[in-house]
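Asker: In terms of the numbering used here, the sequence shown has 257 at position 257, counting the first letter as 1, and numbering is strictly consecutive.
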Amino acid sequence: MKIPPNSYNIVGAGVFGASAALHIIRKYPHARIRIFDRQPFPCTLAASWDWNKVIRADYTDLLYMRLALEAKELWSNDPLFKPFYHEDGMFWISDTNLAHTVVENYKKLGADNGYALLSGEAAKEAYNGIFHDADYTGVSEVLINRNSGWAEAKEALEETIQSAVNAGVQYIEADVRSLLVRHDHCLGVITTAGKVFSASHTIICTGAGTAKLLANTFPKRKELQVGDRLVAAAICTGVARLNENDCEGFLNTPVCFRAGLMIALGGCLPPTPSNELKFWRDVTFRNTIRHEYGQLISVPDHEQSPSPLMKAEVNMVKKSVYGRRANFIELENYRICWDAVTPDENFIISPHTGCRNLYIATAGSFHGWKFLPILGKYILKMIEAKLESHLVRAWAWDREYPEQPDGDMWPSREMADLM
């Protein structure tokens with residue numbers, strides 16, 4: 001099989017795949033680059049497809065704070081991303097020391113990021129008292145960051161892919177069933193229709209579908225499969241469609257995040273240009289099945305609608321954010337959103353150590369979307385063995401993972417138990 005030396009198959013057109021396609025074609029305009037997904041872009045099944053997503057640099061981890069500040073610079077100034085970014089601020093309600101850790105990190109980086117710490121009583125009056133009736137149980141201080149915000153998610157993703165296509169990337173609507181591998185060399189991909197597409201580099205950006213893809217490819221070689229490196233996990237979101245009069249009360253309000261040890265973990269984003277007010281519940285679940293070759297893996301179930309219990313959990317977040325005001329907000333459009341989560345919530349951007357010419361770029365762990373402008377830069381660095389050493393260690397396929405997951409987003413529940 002003759003394979004062009006500068007050719008790329010990118011499986012998955014979410015933020016990892018879309019950003020990779022754009023950065024590669026910009027550096028190598030004559031390369032043959034294909035990006036695959038199951039639907040016309042942007043694929044509604046992807047974790048990256050959504051009404052809106054949070055853009056913030058408020059991290060307790062310095063690594064991601066640095067990266068988020070880099071990405072935010074592009075959200076604020078790059079002509080490709082700026083039209084979709086809304087800098088409405090961030091309002092953090094947490095019963096842990098998150099606020100102080102974030103502020104200390106900004107100081108370490110010398111970043112003047114528009115943050116302030118408010119007492120619970122002062123926070124109730126901020127932003128015209130929009131969160132006056134929120135649940136502040138156990139909260140001593142609230143972190144406000146006026147330099148954070150949100151982006152129109154599906155629109156920004158679509159424009160990123162369109163820019164890559166305009167530059168020469170080929171978008172192929174196809175479901176990739178497995179990889180074409182011979183003698184531990186990846187030669188391309190095989191679709192469910194049986195078509196083979198060869199390439200010198202194959203990058204899988206398949207999120208929650210990664211475990212199944214590698215199980216299909218290496219059915220009898222567990223050491224090459226995902227194992228405990230990541231899991232397909234889901235959260236539930238709900239959207240209220242406001243009328244013009246209701247929407248006025250939410251103008252210029254920030255993103256509200258409830259984090260820490262409290263029961264109603266989750267948050268709310270400000271209304272979109274089409275007056276959609278979105279809430280999310282930040283407690284995940286998995287969907288474990290037995291693969292046809294015997295191993296147990298978690299996979300997305302895109303046919304399953306949110307259950308009454310899932311909806312009730314989202315409504316609990318709604319009430320904890322807005323208190324009495326929540327009685328006038330009726331959620332209508334609920335959605336189960338899938339992503340790949342690692343035990344330490346670090347991404348995987350790494351060569352596959354057991355198969356040459358195969359690269360993994362995935363596991364956003366429910367915080368990867370905001371890095372859309374820069375992910376491809378680091379994916380390309382990884383492919384060319386130019387990635388900074390601390391990122392190589394953090395994102396390695398075979399890194400040392402914690403014995404017990406130390407992130408909040410690793411699922412401890414089964415979807416079946418919520419039905």
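Heads up, the beta-carbon is just placed ideally off N, CA and C, and yes, glycines get one too.
Compare the C-alpha of Leu117 against each of Lys124, Ala99 and Asn105 and name the closest.
Answerer: Ala99
Asker: Compare the beta carbon distance of Gly174 and Ile25 with 8 Å and say whether it is the shorter of the two.
Answerer: Rather than Gly, the amino acid found at residue 174 in this sequence is Ala. Contact flag unset, no.
Asker: Is the beta carbon of Ile329 less than 8 Å from the beta carbon of Lys311?
Answerer: no
Asker: For Glu141, report the span of its beta strand (DSSP E) as first-last.
Answerer: Unbroken beta strand (DSSP E) run through Glu141: Glu141 to Asn145.
Asker: Considering only the beta carbon of each residue, do Asp88 and Thr253 sit closer than 8 Å?
Answerer: yes
Asker: Pick from Val392, Ile33 and Tyr322: whose alpha carbon is nearest that of Gly188?
Answerer: Ile33
Asker: Quick check on Gly89: does DSSP put it in helix, strand or coil?
Answerer: coil
Asker: At the level of alpha carbons, what is the spacing between Asp37 and Ile204?
Answerer: Cα-Cα distance, rounded: 11 Å.
Asker: Sorted by chain position, which residues of the same chain lie with C-beta nearer than 6 Å to Ala123's C-beta, five sequence neighbours on each side aside?
Answerer: Hits under 6 Å: Val142.
Asker: Between the region 11-30 and the region 153-171, do three or more beta carbon pairs fall short of 8 Å?
Answerer: yes
Asker: Per DSSP, what kind of secondary structure is Gln170 in: helix, strand or coil?
Answerer: strand
Asker: How would you call Ile263, buried or exposed, if buried means at least 16 neighbouring beta carbons within 10 angstroms?
Answerer: The residue is exposed, with fewer than 16 neighbouring Cβ atoms inside 10 Å.
Asker: With a 10 Å radius around its C-beta and 16 neighbouring C-beta atoms as the bar for buried, classify Met419 as buried or exposed.
Answerer: When all chains shown are included, Met419 counts as exposed.
Asker: Taking DSSP as the reference, what is the three-state secondary structure of Arg66?
Answerer: Under the three-state reduction of DSSP, Arg66 is assigned to helix.
Asker: Among Glu121, Glu313 and Trp150, which one has its Cα closest to the Cα of Ser76?
Answerer: Trp150
Asker: I'd like to check one pair, Val255 with Tyr267: are the Cβ atoms closer than 8 Å?
Answerer: In the sequence on display, residue 267 carries Gly and not Tyr. Result yes, Cβ atoms of Gly267 and Val255 sit closer than 8 Å.
Asker: Across the region 65-76 and the region 41-48, are there enough close Cβ pairs to call them in contact, namely three or more that are closer than 8 Å?
Answerer: In this structure the region 65-76 does not touch the region 41-48; the number of beta carbon pairs closer than 8 Å is below three.
Asker: With a 10 Å radius around its C-beta and 16 neighbouring C-beta atoms as the bar for buried, classify His302 as buried or exposed.
Answerer: exposed
Asker: What is the residue span of the beta strand (DSSP E) that Thr237 lies within?
Answerer: Here the beta strand (DSSP E) through Thr237 covers Val231 to Arg241.
Asker: Counting Cβ pairs closer than 8 Å, one from the region 289-301 and one from the region 386-404, do we hit at least three?
Answerer: Cβ pair count under 8 Å is below three, so no.
Asker: Nearest-angstrom Cα distance between His201 and Trp51?
Answerer: 32 Å
Asker: Report back the beta-carbon spacing between Ser148 and Ala57 to the nearest angstrom; my notes put them in contact at under 8 Å.
Answerer: Contact flag correct, Cβ pair sits at about 7 Å.
Asker: From this set, Ile374, Ala234 and Ser274, which residue's C-alpha is nearest Glu155's C-alpha?
Answerer: Ser274
Asker: How big is the Cα-Cα spacing for Ile3 and Asp78?
Answerer: 35 Å
Asker: Pull up the distance between the alpha-carbon of Gly323 and that of Ala199, whole angstroms please.
Answerer: 54 Å
Asker: Take Ser433 and list the residues in its own chain whose beta-carbon comes closer than 6 Å to its own, dropping the five residues that flank it on each side.
Answerer: The structure shown does not extend to residue 433, since the chain is modelled only from 1 through 419, so no value can be given for it.
Asker: I need the straight-line Cα distance from Gly460 to Val226, nearest angstrom please.
Answerer: Absent from the structure is residue 460, since the part of the chain shown begins at 1 and ends at 419.
Asker: Using 8 Å for Cβ pairs, my map puts Ala363 next to Val341. What's the rounded Cβ distance?
Answerer: 7 Å
Asker: Span of the alpha helix (DSSP H) holding Ala111?
Answerer: Careful: Ala111 lies outside any alpha helix (DSSP H) and carries neither H nor E.
Asker: Output the distance between the C-alpha atoms of Trp338 and Trp395, rounded to the nearest integer angstrom.
Answerer: Between the alpha carbons of Trp338 and Trp395 lies a gap of roughly 20 Å.
Asker: Hey, could you find the ends of the alpha helix (DSSP H) Tyr128 is sitting in?
Answerer: For the sequence presented, residue 128 should be read as Asn rather than Tyr. From DSSP, the alpha helix (DSSP H) with Asn128 extends over Gly120 to Gly129.
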